[in-house]
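Before any comments, here is the structure.
In the working numbering, the protein residues as written are 51 to 423.
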């Protein structure tokens, strides 16, 4: 039997204390009136969760367009929480660390997972470097890449970590490769109630023993590369553009058509290649910025991205935008790029414009550089 959103699991605890459905109202009001800012956000969400509506209103991330409010079914949030719990084998009474702001969907869903799955949730302030008891054992935590970059050395006592909200850099992937925690990159969006798929970033041997290797991994030069695996009861396909189409009937009544170009390995497994709306047409040659960025990840220390600017002859040409001070760039960094993939210009900017989770807002950054694209 699927739990209902107006029930609280008997094993649920908040900072070590059990609260019933009715008790949570008092906790929420206390947070709103007397709590710190992050606790006030938690209180406001709990009040929304406990009201008579069967939905909550959240804002989209705004990373590719202007943020907009959308209504999300509370029962769909319950179903999403159950799917994550099933994927990660979370059990009632497991301990979870809360370190995300509650005014975004990822933070809201951590609270829902605890309420629905019966997790013991410990709250900590959602800063870029969360402070918590490194000796405490946790079964589950969710973070943005910026947070994991700061504390991955202290995460051995966290069994499962999901990381999302912004791309996971090659540097961070290398850093978490040898830690004991199972680290998963998420794929999803506000409209899919956070993630609908997870990708293992380390401890590949356990991934192979837990699931079918042919659907999740391929061996490349005696190493294992992990692909995104959908949560239970979610299937995928592609449209004519090669973009991901998501069928998640328990989360969304409508099929979700994305702008994410993918390579499918099955109806539950895929590789993310880039955004269709980022494709650059330079003289008739279509170029994927994300594909080029992947080739440059080990060559450039600062954050960067590939974009374009107007070109009278080609229509548009490639540019490289780097965060930080201007330094001389050795042209050998472009040696593994194809002829048409090499940037025609390099720009530096002190700081990228980004979302609260650290996702780079490319268009707004280019506007600051006054680049016409």
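From the three backbone atoms N, C-alpha and C, an ideal C-beta is built for every residue, glycine too. Please read all numbers here as calculations on a predicted model, not as lab measurements.
Check	Outcome
Residue 352, buried or exposed, once every other Cβ within 10 Å from all chains shown has been counted against 16	exposed
Residue 420 in three-state terms, based on DSSP	coil
Under 8 Å between C-beta atoms of residue 243 and residue 126	yes
Where residue 238 falls: helix, strand or coil (DSSP)	strand
Nonlocal neighbours in the same chain, by C-beta distance under 6 Å from residue 406, ignoring five residues either side	none
Stretch-stretch touch, CB-based, cutoff 8 Å, three pairs: the stretch 116-124 with the stretch 96-105	yes
Residue from 383, 137 and 340 with nearest C-alpha to residue 218	340
Secondary structure of residue 372, DSSP reduced to three states	strand
Burial state of residue 202 (16 or more Cβ within 10 Å)	buried
Neighbour-count burial assignment, residue 357, 16 or more Cβ in a 10 Å radius	buried
Reference residue 129; option with closest CA among 54, 110 and 169	54
DSSP three-state assignment for residue 349, whether helix, strand or coil	coil
Separation of residue 119 from residue 67, as counted between CA atoms	33 Å
Opening and closing residue of the beta strand (DSSP E) in which residue 161 lies	It is not in any beta strand (DSSP E) - residue 161 instead sits in the alpha helix (DSSP H) that spans 155-167.
Proximity winner among 355, 187, 364 and 220, relative to residue 412 (alpha-carbon distances)	355
Extent of the continuous beta strand (DSSP E) to which residue 40 belongs	Residue coverage of the chain in this structure runs from 51 to 423, which leaves residue 40 outside it and unanswerable.
Neighbourhood of residue 266 by C-beta, 7 Å cutoff - its chain only, sequence neighbours within 5 removed	Interpretation of residue 266 is limited by its pLDDT of 45, a score under 50 that renders its predicted location unreliable; no figure is taken from the coordinates.
Cβ-based burial, residue 285 [other Cβ within 10 Å; buried from 16]	exposed
Residues of its chain near residue 260, where Cβ-Cβ distance is below 7 Å and the 5 sequence neighbours each way are ignored	With a pLDDT of 42 at residue 260, under the threshold of 50, the modelled position of that residue is not reliable, and the figure given next carries that caveat. Correct list: empty, nothing qualifies.
C-alpha distance - residue 398 paired with residue 338, whole-angstrom precision	21 Å
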